[in-house]
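With positions in the sequence shown counted from 1, the corresponding number in the working numbering is that position plus 78. Ideal Cβ placement from N, Cα and C applies to all residues, glycine included. The structure appears right after this line, and notes come after that.
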Amino acid sequence: MRRLWLLFAQTVTVGLAIWFIVASLKPEWAGSAQRSTLSPVPMLEAPSNAAPAQGSYREAAKRAMPAVVNIFTTKGAQQPKNPFMEDPLFRKFFGEQQEEKQFSLGSGVVVSPQGYVLTNNHVIETADEIEVAFADGRKAPAKVVGTDPETDLAVIKINMENLPAITLGHVEQARVGDVVLAIGNPFGVGQTVTMGIISALGRNHLGINTFENFIQTDAAINPGNSGGALIDTNGNLLGINTAIYSRSGGSLGIGFAIPVTTVKRVMESIISTGQVVYGWIGVEPQDITPELAESFGLNRKSGAIIAGVLRNGPADKAGIRPGDILVAVEGKPVSDTTDMLNLIAQLTPGNKAKMTVLRKSMETTLDVVVGKRPKPRREDRE
Numbered sequence: 079m080r081r082l083w084l085l086f087a088q089t090v091t092v093g094l095a096i097w098f099i100v101a102s103l104k105p106e107w108a109g110s111a112q113r114s115t116l117s118p119v120p121m122l123e124a125p126s127n128a129a130p131a132q133g134s135y136r137e138a139a140k141r142a143m144p145a146v147v148n149i150f151t152t153k154g155a156q157q158p159k160n161p162f163m164e165d166p167l168f169r170k171f172f173g174e175q176q177e178e179k180q181f182s183l184g185s186g187v188v189v190s191p192q193g194y195v196l197t198n199n200h201v202i203e204t205a206d207e208i209e210v211a212f213a214d215g216r217k218a219p220a221k222v223v224g225t226d227p228e229t230d231l232a233v234i235k236i237n238m239e240n241l242p243a244i245t246l247g248h249v250e251q252a253r254v255g256d257v258v259l260a261i262g263n264p265f266g267v268g269q270t271v272t273m274g275i276i277s278a279l280g281r282n283h284l285g286i287n288t289f290e291n292f293i294q295t296d297a298a299i300n301p302g303n304s305g306g307a308l309i310d311t312n313g314n315l316l317g318i319n320t321a322i323y324s325r326s327g328g329s330l331g332i333g334f335a336i337p338v339t340t341v342k343r344v345m346e347s348i349i350s351t352g353q354v355v356y357g358w359i360g361v362e363p364q365d366i367t368p369e370l371a372e373s374f375g376l377n378r379k380s381g382a383i384i385a386g387v388l389r390n391g392p393a394d395k396a397g398i399r400p401g402d403i404l405v406a407v408e409g410k411p412v413s414d415t416t417d418m419l420n421l422i423a424q425l426t427p428g429n430k431a432k433m434t435v436l437r438k439s440m441e442t443t444l445d446v447v448v449g450k451r452p453k454p455r456r457e458d459r460e
């Protein structure tokens, strides 16, 4: 009996020594053995082809991400010229004055397999060189096809074909509370997807663009996201991310995107003609405030007061006068000045349009030959 006990003790000692050596040299073996022998419950692992978890939007992101690109721009900085650089002896010792370059970044969306890329005008408007980079590492120089400062949109083109193009969605079917994803290159960290909801539709009076009809979202949008995509849960484009409301420079949950309806119209016009043409009648409108309503003796709050009329402009020739209140354009009611500008902008220059005005409490309909809206000067946007 004593011999059996001694044999058992020696066996245990040798076994512990072997386990100690294995645990020191190959800890993964010991760990594996420990889990298999000590775990009271078998550990189950999901198969590699498991379906996405409920609430995942990875299929939408996977569908849209290849069409969202990073845009890098370069601009030569304007430096005051050193008067001593005219002296050859000075240049010999100190060398030529080097031009400093400024770099900036943004995002863009491929809208055509033929290489057309949509972005914000403010991303590329002062650039000397533009480079487009795809998420898979491919890069290509780009040239500007056309810009529209009024909506802050621009179309650039790269010399590549068979590109992954995004699918345009239907923003008219979108509602407040719908889930959306924002894709872009915030702060230059690389392609990033953020999630939020549509917080509001038809946002205007923000002073960002001339024509405003923004989608507001709380999906995180930061510097570098400009020109990127706002997509629905199917991966379709709903808008182009363009601005944020922020006191810190970062996202505070209030971001704005240009809706795809505006994007499509501007894009098609730029690609076909190189520019965007808007209707114009040559008036200075003003919103109806409670004070103005009382002054004019108005019982209504909708419409736009004509504060000024350009001499020999379309409105002047049609008989519109200062003090008139424009209440309808082609039968569509005018709620305020922003609404008026948007309705007139959609008219075709050269065509007649019916404008309904309220003059001395009497409604009058006038035929106005629509003019072409003048291009804004750069200093007007600064």
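- With a minimum length of 4 residues, the unbroken runs of alpha helix (DSSP H) contained wholly in the region 195–231 fall at 199–202.
- Per DSSP, R136 is one residue of the alpha helix (DSSP H) stretching across R136 to A142.
- Apart from sequence neighbours up to five positions away, the residues of its chain that approach K379 with a beta-carbon distance below 7 Å are I366 and A371, ordered along the chain.
- At the C-beta level, R451 and W358 come within 7 Å of one another.
- Residue ranges of uninterrupted alpha helix (DSSP H) with 4 or more members, entirely inside the region 333–411 and ordered along the chain, are 338–351, 368–374 and 392–396.
- Here the alpha carbon of N263 sits roughly 36 Å from the alpha carbon of L425.
- Taking C-beta separations shorter than 7 Å and ignoring five residues to either side along the sequence, the partners of E408 in its chain run A431 and K432, following chain order.
- For M418, the enclosing alpha helix (DSSP H) has its first and last residue at T415 to A423.
- If you draw a straight line from the Cα of I261 to the Cα of A142, it is about 8 Å long.
- Per DSSP, reduced to three states, the secondary structure at F292 is strand.
- Between I336 and I348, the gap from beta carbon to beta carbon reaches 7 Å or more.
- Counting the other Cβ atoms within 10 Å of the Cβ of T434 gives 16 or more, which makes it buried.
- Burial state of Q132 is exposed, judged by a 10 Å Cβ sphere holding fewer than 16 other Cβ atoms.
- Setting aside the 5 residues that flank it on each side, T416 is surrounded in the same chain by N282, H283 and E290, each with a C-beta closer than 7 Å to its C-beta; the list follows chain order.
- DSSP lists no bridge partner for L284.
- Contact fails between the region 229–246 and the region 273–281, because fewer than three Cβ pairs, one in each stretch, are under 8 Å apart.
- The beta carbon of P144 sits closer than 6 Å to those of P242, all from its chain and outside the five residues before and after it, given in chain order.
- Annotated three-state conformation of E250 is helix, per DSSP.
- A check of alpha carbon separations from G401 across Q269, L444, I384 and P411 identifies I384 as the nearest.
- A residue is called buried once 16 or more other Cβ atoms fall within 10 Å of its Cβ, and M440, having fewer, is exposed.
- Looking at the DSSP output, T442 bridges to V435.
- Cβ contact annotation for P363 (same chain, cutoff 6 Å, sequence separation greater than five): A382, T415 and M418, in chain order.
- Taking 7 Å as the cut-off, the Cβ atoms of G193 and K221 do not count as close.
- Residue pairing by DSSP places T270 opposite G262 in a beta bridge.
- DSSP, read as helix, strand or coil, puts G93 in helix.
- In the structure shown, A298 adopts coil according to DSSP, grouped into three states.
- Under the three-state reduction of DSSP output, A307 falls in the strand class.
- Between N303 and S185, the gap from beta carbon to beta carbon is short of 7 Å.
- For I318, the enclosing beta strand (DSSP E) has its first and last residue at L315 to I322.
- Here G449 is buried: its Cβ has 16 or more other Cβ atoms, across all protein chains shown, within 10 Å.
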